[in-house]
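Protein chains: 2
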Amino acid sequence: MSTRDFIDDCERLLELAPVTAAPIRHHVFVCTGKSCSAVDSAEVKAAFERELKARGMQVGKEKKGCNPKGSVVLTECGSVGFCAIGAAVLVYPDGVWYAQVRAWDVPEIVEEHLVKGRPVERLALLKIGSD
Amino acid sequence: MSTRDFIDDCERLLELAPVTAAPIRHHVFVCTGKSCSAVDSAEVKAAFERELKARGMQVGKEKKGCNPKGSVVLTECGSVGFCAIGAAVLVYPDGVWYAQVRAWDVPEIVEEHLVKGRPVERLALLKIGSD
Chain X
1 MSTRDFIDDC
11 ERLLELAPVT
21 AAPIRHHVFV
31 CTGKSCSAVD
41 SAEVKAAFER
51 ELKARGMQVG
61 KEKKGCNPKG
71 SVVLTECGSV
81 GFCAIGAAVL
91 VYPDGVWYAQ
101 VRAWDVPEIV
111 EEHLVKGRPV
121 ERLALLKIGS
131 D
Chain R
132 MSTRDFIDDC
142 ERLLELAPVT
152 AAPIRHHVFV
162 CTGKSCSAVD
172 SAEVKAAFER
182 ELKARGMQVG
192 KEKKGCNPKG
202 SVVLTECGSV
212 GFCAIGAAVL
222 VYPDGVWYAQ
232 VRAWDVPEIV
242 EEHLVKGRPV
252 ERLALLKIGS
262 D
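Chains as they are written, first to last, in this note's numbering: chain X, 1 to 131; chain R, 132 to 262.
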């Protein structure tokens, strides 16, 4: 078990995690489980990186081509049960789960969903958190 | 590039991904990046599995001890920038980012946040999607 001390000071915590200062609007997860990887999810993630960095939207360090004040966090994730219909891409907090995503779909997801707020219906299969 | 054919039939897609039939209320991500792993994030994820399976809340196959009609999806994720203050645990669509989570905190997060809908304030550092 870790013995690292618990930090109580909230300001100190925020300093240690500059991501907390970014005006995050969306968190995009690309599944890199075995099945999604077999349909090139790494290419899908790379396409998001290219598209988001080109627009200055990806949160992260400038030396990595990202923007400390970006609006989109991009992360890999494990399998979500879309193994037969990958690649899976999830957009939160919207709760939109996309299926069968290919690298060539990414500019449309970025432009329509992340910029204009209109999920790409032809790929969106599930909506989490809707009543 | 993949050559798998695109499936247009929505019913067929839903059959291929039984997770779509689950009444999902929360998606929990545990960071398994290098820094979070160094503070035992694998133990944190295992604690969520134990706690959620015991309550019949984790979505998944019965043969894996999960519930096809569970309410919580549990997934690993890559680094979110909480490297110095891990382990990071994210709860969506709520958009709550927890920092410094240890395995012993997990029962409280499950009971208070996932069951009762009250985020654990002493660990919650960021809220995504709030205005």
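C-beta atoms are modelled at their ideal positions from N, C-alpha and C, and glycine is treated no differently.
Fair warning: this is a prediction, and the values are worked out from it, not measured in the lab.
Option nearest Asp225(R) by Cα separation, candidates His158(R), Phe137(R), Cys141(R): His158(R)
Flag Gln58(X) as yes if its beta-carbon sits less than 9 Å from any beta-carbon of chain R, otherwise no. no
Determine the direct distance from the alpha carbon of Leu16(X) to that of Ser172(R), and round the result to whole angstroms. 18 Å
Just how far apart, CA to CA, sit Trp235(R) and Glu121(X)? 41 Å
Would you verify that the beta carbon of Pro93(X) is, or is not, closer than 9 Å to some beta carbon of chain R? yes
Chain X within 9 Å of Val170(R), Cβ atoms only: yes
I'd like the span of the beta strand (DSSP E) that includes Ala255(R), first residue to last. 255-258
Sorted by chain position, which residues of the same chain lie with C-beta nearer than 7 Å to Leu13(X)'s C-beta, five sequence neighbours on each side aside? Ile7
Assign Glu239(R) to one of two classes, buried (16 or more other C-beta atoms within 10 Å of its C-beta) or exposed (fewer than that). exposed
Contacts around Leu52(X), its chain only, beta-carbon distance under 7 Å, and the 5 residues preceding and following it disregarded: Gln58, Val72, Leu74, Val110
Name, in chain order, the residues that DSSP records as bridge partners for Gln58(X). Val72(X)
For a contact defined as C-beta to C-beta under 8 Å, what are the partners of Gly196(R) on chain X? Here the premise fails: no neighbours, minimum Cβ distance about 15 Å.
List the residues of chain X whose Cβ lies closer than 7 Å to the Cβ of Phe179(R), in chain order. Within 7 Å Cβ-Cβ: nothing; Phe179(R) doesn't reach chain X, min ~13 Å.
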